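Only one structure is covered here, and it is reproduced in the block below.
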Amino acid sequence: MQPFRVHTGTAVPLDRADVDTDQIIPAEYLKRVERTGFGPFLFAEWRKDPDFVLDRPEHAGATILLAGPNFGSGSSREHAVWALEDAGFRAIVAPSFADIFRNNCTKVGLLPVQLPAAAVRALMDAVARDPAARLTVDLEARRVTGPDVGEAFEIDDFTRGRLLEGLDDIGLTLHHEAAITAFEGARPPWLPTVPST
Amino acid sequence: MGRTLPEKIWDEHLVRRAEGEPDLLYVDLHLVHEVTSPQAFDGLRMARRGVRRPDLTVATMDHNVPTAPGPEDPISVQQMDALRRNCEEFGITLFPTGHIGQGIVHVIGPQMGLTQPGLVIVCGDSHTSTHGAFGALAFGIGTSEVEHVLATQTLPQRRPASMAITVEGDLPPGVAAKDVILGIIARIGTNGGAGHILEYRGSAIRSLSMEGRMTVCNMSIEAGARAGLVAPDDTTFAYLEGRPHVPTGQTWEQALDRWRSLATDLDATFDREVTIDATALTPFVSWGTNPGQTVPIDAVVPEPTDESMTRALAYMALTPGTPIREIRPDTVFIGSCTNSRIEDLRIAASVIRGRRVHEGMRALVVPGSMLVKAQAEKEGLHRIFQASGFEWRDAGCSMCLAMNADRLAPGERSASTSNRNFEGRQGAGGRTHLVSPAVAAATAIAGHFCTPNDLGVDLQSATGA
Numbered sequence: 027m028q029p030f031r032v033h034t035g036t037a038v039p040l041d042r043a044d045v046d047t048d049q050i051i052p053a054e055y056l057k058r059v060e061r062t063g064f065g066p067f068l069f070a071e072w073r074k075d076p077d078f079v080l081d082r083p084e085h086a087g088a089t090i091l092l093a094g095p096n097f098g099s100g101s102s103r104e105h106a107v108w109a110l111e112d113a114g115f116r117a118i119v120a121p122s123f124a125d126i127f128r129n130n131c132t133k134v135g136l137l138p139v140q141l142p143a144a145a146v147r148a149l150m151d152a153v154a155r156d157p158a159a160r161l162t163v164d165l166e167a168r169r170v171t172g173p174d175v176g177e178a179f180e181i182d183d184f185t186r187g188r189l190l191e192g193l194d195d196i197g198l199t200l201h202h203e204a205a206i207t208a209f210e211g212a213r214p215p216w217l218p219t220v221p222s223t
Numbered sequence: 002m003g004r005t006l007p008e009k010i011w012d013e014h015l016v017r018r019a020e021g022e023p024d025l026l027y028v029d030l031h032l033v034h035e036v037t038s039p040q041a042f043d044g045l046r047m048a049r050r051g052v053r054r055p056d057l058t059v060a061t062m063d064h065n066v067p068t069a070p071g072p073e074d075p076i077s078v079q080q081m082d083a084l085r086r087n088c089e090e091f092g093i094t095l096f097p098t099g100h101i102g103q104g105i106v107h108v109i110g111p112q113m114g115l116t117q118p119g120l121v122i123v124c125g126d127s128h129t130s131t132h133g134a135f136g137a138l139a140f141g142i143g144t145s146e147v148e149h150v151l152a153t154q155t156l157p158q159r160r161p162a163s164m165a166i167t168v169e170g171d172l173p174p175g176v177a178a179k180d181v182i183l184g185i186i187a188r189i190g191t192n193g194g195a196g197h198i199l200e201y202r203g204s205a206i207r208s209l210s211m212e213g214r215m216t217v218c219n220m221s222i223e224a225g226a227r228a229g230l231v232a233p234d235d236t237t238f239a240y241l242e243g244r245p246h247v248p249t250g251q252t253w254e255q256a257l258d259r260w261r262s263l264a265t266d267l268d269a270t271f272d273r274e275v276t277i278d279a280t281a282l283t284p285f286v287s288w289g290t291n292p293g294q295t296v297p298i299d300a301v302v303p304e305p306t307d308e309s310m311t312r313a314l315a316y317m318a319l320t321p322g323t324p325i326r327e328i329r330p331d332t333v334f335i336g337s338c339t340n341s342r343i344e345d346l347r348i349a350a351s352v353i354r355g356r357r358v359h360e361g362m363r364a365l366v367v368p369g370s371m372l373v374k375a376q377a378e379k380e381g382l383h384r385i386f387q388a389s390g391f392e393w394r395d396a397g398c399s400m401c402l403a404m405n406a407d408r409l410a411p412g413e414r415s416a417s418t419s420n421r422n423f424e425g426r427q428g429a430g431g432r433t434h435l436v437s438p439a440v441a442a443a444t445a446i447a448g449h450f451c452t453p454n455d456l457g458v459d460l461q462s463a464t465g466a
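Residue numbers (the working numbering), protein chains in the order written: chain A, 27 to 223; chain B, 2 to 466.
Dropping the structure here:
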């Protein structure tokens with residue numbers, strides 16, 4: 027996983043509530059068996075509208091997505107996170123996220139930043155006024171800053187530490203293999219198993 | 002102080018707890034399908050890791066599979082071949098297409114008796130919450146987490162808050178489990194369950210069959226909750242007894258003892274409690290583009306009160322004030338992990354028996370598993386569907402998410418027993434209305450939204466329920 031410390035870039039405002047992962051990447055694009063190459067299909071249906079905000083020239087090269095509440099609802103497809111990452115996004119700022127999507131982001135290193143709705147609105151307004159405005163998402167300081175906006179965000183220490191270092195969860199868990207083995211030894215023997223064929 | 006059922010299951014699966022870190026939970030059953038697993042297996046190979054417990058892992062093909070003969074999409078075939086190779090390489094049991102055990106991952110787990118009370122069950126699919134119907138703690142995960150479970154049989158998780166959803170009273174005739182969950186989502190909202198595990202309680206929930214409880218738990222994610230469950234009871238035990246992976250003899254008694262302890266303690270408290278009057282529920286139809294945008298079938302398309310409603314109405318090409326019964330779908334889809342089990346098919350068949358699908362309407366039934374299909378054929382249900390003009394298909398996710406050839410054309414409108422009415426969910430430009438199997442079946446006959454009662458069908462006597 028790519029570490030995330032401090033990122034500065036331009037932003038694009040996607041001012042819609044309840045953006046589900048079927049919109050972020052429609053199911054017909056989930057057939058690839060690789061982890062890369064999903065960027066071109068990001069918001070595939072919405073991009074058929076030539077006016078769609080992500081395709082406006084003034085937002086070309088944006089690396090921070092400003093979004094509405096309940097971003098990433100619906101399907102658990104991590105492809106949604108891969109598509110955003112592949113399209114160059116490093117952070118998403120929204121008033122709230124769907125649980126599975128938020129979790130998937132932290133596994134990949136795309137930073138989900140939850141801010142009060144008013145702060146997200148202020149950032150969207152700032153970017154609407156000046157699309158070249160640069161925002162800084164500082165995970166070390168847990169703070170987002172932009173023109174006329176400076177707002178702290180919450181993230182638990184463990185997830186923050188893991189993202190700052192870009193640590194692999196599996197590697198961390200395998201440090202506790204003895205505990206896993208001990209747990210397995212105490213499970214009731216009648217629990218269901220499916221022996222390999 | 003007492004504990005809630007989700008807390009009890011959580012605590013029983015704690016491998017490790019450390020201050021400031023997520024809990025490490027043991028996973029009893031990991032279900033795998035072709036779409037969210039290839040990158041996880043690749044990750045294992047790159048890190049030279051194996052699958053820790055192939056004997057607690059089961060795979061099937063469901064999202065991509067064709068449900069009718071015809072040319073196969075070469076990219077789908079590639080994804081299914083990848084699953085086959087991965088299962089061979091890592092020693093995982095697979096139910097591929099063509100196998101009688103194949104089906105939607107959330108239908109085959111319960112049918113094999115692998116889904117049992119008190120287990121922690123995960124799958125790279127948000128509808129894993131379905132298994133909560135048995136009093137299991139079951140939730141959807143992303144592909145990175147799939148890889149984590151394959152490698153370690155555990156997951157680091159923060160314990161969610163708990164929410165009691167109590168549905169009290171007798172369900173009115175014609176109100177299905179689907180209507181119960183649509184009513185719950187309408188009440189708490191599509192994000193109302195975020196950060197919570199839901200426990201469905203109350204006399205209306207107790208009165209539901211296992212199939213009905215699965216329908217309710219299935220759509221927990223549509224209320225924003227990763228997991229929803231129902232405490233196991235005699236209905237649960239009767240469903241489980243005799244299924245392939247369920248213990249027998251003396252071990253069955255041991256299992257029962259344990260399962261009977263799986264209930265929320267009387268003095269336990271939930272972080273949030275919601276009570277719903279079952280007697281006030283009606284058949285629901287969704288009008289918008291998320292599962293919270295529903296109205297009773299007797300209602301009209303609502304006036305928009307915000308931007309999101311305006312956008313949804315435009316996408317759905319609906320005019321506020323239009324009676325729901327005047328909306329005419331082009332396609333009726335009976336299937337998906339929400340409503341494709343034998344009981345769903347029995348109800349739909351009882352509605353359409355001796356009637357014809359409305360002229361010009363496309364109607365299809367996609368059983369949830371090949372075993373459900375076989376059971377339905379044993380009962381002669383396929384002949385009822387076919388005589389009415391329904392297509393009778395093989396098992397798969399099919400038109401719920403349109404990853405195979407079963408999809409809506411742009412602008413086409415469906416009455417669908419599935420779980421999501423998102424824009425383009427059933428095919429780009431398609432317009433989805435979520436309904437129960439009974440309403441879907443009646444709508445196929447009438448050509449517009451309606452209930453079995455509108456057709457003069459008395460469901461209770463028709464199904465013998």
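Backbone N, C-alpha and C fix where the C-beta goes; we use that ideal spot for every residue, glycine too. The model shown is predicted, which means the values in this text are computed figures rather than measured ones.
Counting only Cβ-Cβ distances below 9 Å, Val79(A) has no contacts in chain B at all, with the closest Cβ about 14 Å away.
For Asp29(B), the C-beta contacts it makes with chain A under 7 Å involve Leu217, in order along the chain. Cβ contact annotation for Phe179(A) (same chain, cutoff 8 Å, sequence separation greater than five): Val139, Gln140, Leu141, Arg168, Arg169 and Val170, in chain order. Judged by beta-carbon spacing, Ile196(A) lies beyond the 7 Å limit of His31(B), meaning their Cβ atoms are not closer than that value. For Glu203(A), the enclosing alpha helix (DSSP H) has its first and last residue at Glu203 to Gly211. Nearest neighbour of Ala88(A) by Cα position, chosen from Ser101(A), Ser222(A), Gly176(A) and Leu161(A), turns out to be Leu161(A). Rounded to whole angstroms, the gap between the alpha carbons of Arg329(B) and Gly448(B) is 6 Å. Put simply, the backbone Cα of Ile343(B) is about 25 Å away from that of Asp331(B). DSSP assignment within the region 123–194 of chain A yields the following whole beta strand (DSSP E) runs of 3 residues or more, N-terminal first: 137–140, 160–164, 169–172 and 175–178. Annotation: Cβ neighbours of Gln49(A) in chain B (cutoff 9 Å, chain order): Phe423, Glu424 and Gly425.
Going by DSSP, Glu274(B) is part of the beta strand (DSSP E) stretching over Arg273 to Asp278.
Within 10 angstroms of the beta-carbon of Phe78(A) lie fewer than 16 other beta-carbons, which makes it exposed. For Glu111(A), the enclosing alpha helix (DSSP H) stretches over residues His105 to Asp112. When DSSP assignments are scanned along the region 280–338 of chain B, the uninterrupted stretches of alpha helix (DSSP H) that are 4 or more residues long and fall wholly within it turn out to be 308–317.
Residues of the same chain with a CB within less than 6 Å of the CB of Ile182(B), apart from the 5 flanking positions on each side, are Val217 and Met220 in chain order.
Bridge pairing for Thr36(A): Arg160(A) [DSSP].
With three or more CB-CB distances shorter than 8 Å, the region 113–123 of chain B counts as touching the region 20–37 of chain B.
When Cβ-Cβ separations below 7 Å define contact, Pro55(B) makes contact with chain A. The beta carbon of Leu84(B) does not come within 7 Å of any beta carbon belonging to chain A, so the residue lies off that interface. Proximity of chain A to Gly21(B) at the Cβ level (cut-off 9 Å) is accounted for by Asp182, Asp183 and Phe184, in chain order.
Rounded to the nearest whole angstrom, the CA to CA distance from Ile206(B) to Arg214(B) is 7 Å.
Ranked by Cα distance from Gly35(A), the first of Val45(A), Leu193(A), Asp75(A) and Leu91(A) is Leu91(A). In terms of Cβ geometry, Ile277(B) and Val168(B) form a close pair [threshold 7 Å].
For Asp44(A), the chain B residues whose C-beta falls within less than 8 Å of its own C-beta are Thr191, Asn192, Asn291 and Ser309, listed in chain order.
Using a CB distance cut-off of 7 Å, Pro142(A) does not count as an interface residue toward chain B.
By the neighbour-count criterion, in which a residue is buried when 16 or more other Cβ atoms sit within 10 angstroms of its Cβ, His201(A) is exposed. DSSP links Thr61(B) through a beta bridge to Phe96(B). When DSSP states are grouped into helix, strand and coil, Ser38(B) belongs to the coil group. Taking a beta-carbon distance threshold of 7 Å, Ala154(A) does not count as an interface residue toward chain B. Counted as a single uninterrupted DSSP element, the stretch harbouring Thr270(B) is not any alpha helix (DSSP H), since DSSP gives it neither H nor E. Residue state for Phe140(B) is assigned as strand, using DSSP reduced to three classes. The region 344–357 of chain B makes no contact with the region 309–328 of chain B; the number of CB pairs closer than 8 Å stays below 3. Judged by beta-carbon spacing, Ala139(B) lies beyond the 7 Å limit of Phe271(B), meaning their Cβ atoms are not closer than that value. In the DSSP assignment, Gly250(B) falls within the alpha helix (DSSP H) that extends over Gly250 to Arg261.
Cβ-Cβ distances below 6 Å link Gly431(B) to Leu409 and Glu413 in the same chain, with the five nearest sequence neighbours on each side left out; the list follows chain order. For Met404(B), the chain A residues whose C-beta falls within less than 8 Å of its own C-beta are Ala53, Glu54, Leu56 and Lys57, listed in chain order.
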